[in-house]
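Visitor: After the structure tokens below, expect a handful of questions from me.
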Amino acid sequence: MLLFLDLKERDFGKHAVLSAIKNPKRKINKLIITEENEKDFNPKNFNKKIIIEIKDKKEIDKIFINESIVHQGIAAEIESIPAIELKEYLKIKINSKNTLVVLDDITDQRNIGSIIRSCSAFNIDAVILLEKNYNPKNKMMYKSASGAMEMVNIIPVSNITNALELLKKNNYWVYGLDGNAKENIEDQKWSNQNVFVFGSEGDGLRRLVKENCDHLIKIQINKEIESLNVSNAVSVTLGIFRLLQKKN
Numbered sequence: 001m002l003l004f005l006d007l008k009e010r011d012f013g014k015h016a017v018l019s020a021i022k023n024p025k026r027k028i029n030k031l032i033i034t035e036e037n038e039k040d041f042n043p044k045n046f047n048k049k050i051i052i053e054i055k056d057k058k059e060i061d062k063i064f065i066n067e068s069i070v071h072q073g074i075a076a077e078i079e080s081i082p083a084i085e086l087k088e089y090l091k092i093k094i095n096s097k098n099t100l101v102v103l104d105d106i107t108d109q110r111n112i113g114s115i116i117r118s119c120s121a122f123n124i125d126a127v128i129l130l131e132k133n134y135n136p137k138n139k140m141m142y143k144s145a146s147g148a149m150e151m152v153n154i155i156p157v158s159n160i161t162n163a164l165e166l167l168k169k170n171n172y173w174v175y176g177l178d179g180n181a182k183e184n185i186e187d188q189k190w191s192n193q194n195v196f197v198f199g200s201e202g203d204g205l206r207r208l209v210k211e212n213c214d215h216l217i218k219i220q221i222n223k224e225i226e227s228l229n230v231s232n233a234v235s236v237t238l239g240i241f242r243l244l245q246k247k248n
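Here's what the structure looks like:
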């Protein structure tokens with residue numbers, strides 16, 4: 001979804017581009033659109049000064065010639081947003097009610113994008129993940145997120161275990177999702193500051209990450225099915241969590 005030129009990116013797709021425009025933190029240098037998209041991207045409707053170029057679909061195809069991209073006749077040249085550091089985030093959110101998702105060594109960029117989209121849908125405040133697994137230039141991640149990259153804080157860290165220890169020192173309760181856990185998600189009592197940790201599909205949560213969770217919990221599924229895709233597991237977990245919060 002992004003083609004980087006120095007510090008600039010190419011963003012594509014209607015939802016992703018509109019979300020980028022609405023984000024006050026995001027600088028948009030240029031929009032490249034087809035004539036049929038002019039009505040949805042009228043510069044009078046934006047709070048930003050943006051250069052708009054009208055091109056036909058074939059010209060936009062050339063921008064993404066080496067990518068398997070469905071661009072919907074829309075591309076944008078945008079500036080990167082610096083990622084927030086965990087310590088800085090915790091200072092901003094001190095004593096506030098919020099929920100975080102932590103991804104333990106999940107590498108698939110489509111899954112990461114889908115997870116960020118689910119986090120946005122369920123009003124999760126931030127996603128923490130290993131910096132080695134986070135590529136802000138990855139087009140498939142942005143496409144899968146469908147604009148949610150502009151709505152959720154992304155916090156890359158060098159070490160998940162250290163991040164969990166810091167969160168616990170700041171009064172967060174940490175729940176690790178594990179298919180073999182003895183506790184069910186429905187049986188938990190939630191605090192004002194909750195963290196859900198998800199592991200990779202192949203290996204699950206790593207040992208030290210497990211040891212730094214306050215509770216290991218599971219979602220109940222058909223016993224004939226070994227596990228869910230991690231992005232689906234995140235969606236189900238967050239949906240159940242929000243329903244349980246309302247009941248409490």
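For the record, in the sequence shown the residue sitting at position 157 is 157 according to UniProt numbering, with numbers rising by one throughout.
We put the CB at the ideal spot given by N, CA and C, even for glycine.
Give every residue of the same chain whose Cβ lies closer than 6 Å to the Cβ of F241, excluding the five residues on either side of it in the sequence, and list them in chain order.
Guide: Counting only Cβ-Cβ distances below 6 Å, and skipping sequence neighbours, we find nothing.
Visitor: Using the C-alpha atoms, what's the distance from D56 back to S158?
Guide: 43 Å
Visitor: Counting beta carbon pairs with one atom in the region 176–184 and one in the region 194–210, are three or more of them shorter than 8 Å?
Guide: yes
Visitor: Measuring straight from C-alpha to C-alpha, what distance separates L103 and N192?
Guide: 20 Å
Visitor: Within a Cβ cutoff of 8 Å, which residues of the same chain sit near N170, ignoring the five residues on either side of it in sequence?
Guide: L90, I94, Q193
Visitor: Would you call the region 215–225 and the region 72–90 in contact, with 3 or more CB pairs under 8 Å?
Guide: no
Visitor: Exposed or buried, I92, counting other C-beta atoms within 10 Å across all chains shown (16 or more means buried)?
Guide: exposed
Visitor: Can you give the Cα-Cα distance for I160 and V209, rounded to whole angstroms?
Guide: 7 Å
Visitor: Tell me, please, which residues DSSP counts as bridged to L177.
Guide: I217
Visitor: Taking all protein chains shown into account, do 16 or more other C-beta atoms lie within 10 angstroms of the C-beta of E77, making it buried, or fewer, making it exposed?
Guide: buried
Visitor: Tell me whether the beta-carbon of N47 lies closer than 7 Å to the beta-carbon of E150.
Guide: no
Visitor: Along the alpha helix (DSSP H) that carries E59, what are the first and last residues, could you check?
Guide: 57–63
Visitor: Pick from N111, T99, I21: whose alpha carbon is nearest that of residue 326?
Guide: It is not possible to answer for residue 326, since the shown part of the chain is limited to 1 through 248.
Visitor: Pull up the distance between the alpha-carbon of I115 and that of K182, whole angstroms please.
Guide: 25 Å
Visitor: Does K139 pass the burial test, meaning 16 or more other C-beta atoms within 10 Å, or should it be called exposed?
Guide: buried
Visitor: Could you check what DSSP says for K210 in three-state terms: helix, strand or coil?
Guide: helix
Visitor: Suppose you measure from the CA of A16 to the CA of K27; what does that come to, to the nearest Å?
Guide: 14 Å
Visitor: So I32 and E53 are supposed to be a Cβ contact under 8 Å. How far apart are they, rounded?
Guide: 5 Å
Visitor: Report all residues from its chain with a CB closer than 7 Å to the CB of residue 278; omit the five preceding and five following residues, and keep chain order.
Guide: It is not possible to answer for residue 278, since the shown part of the chain is limited to 1 through 248.
Visitor: Taking C-beta to C-beta, are N212 and L166 nearer than 7 Å?
Guide: no
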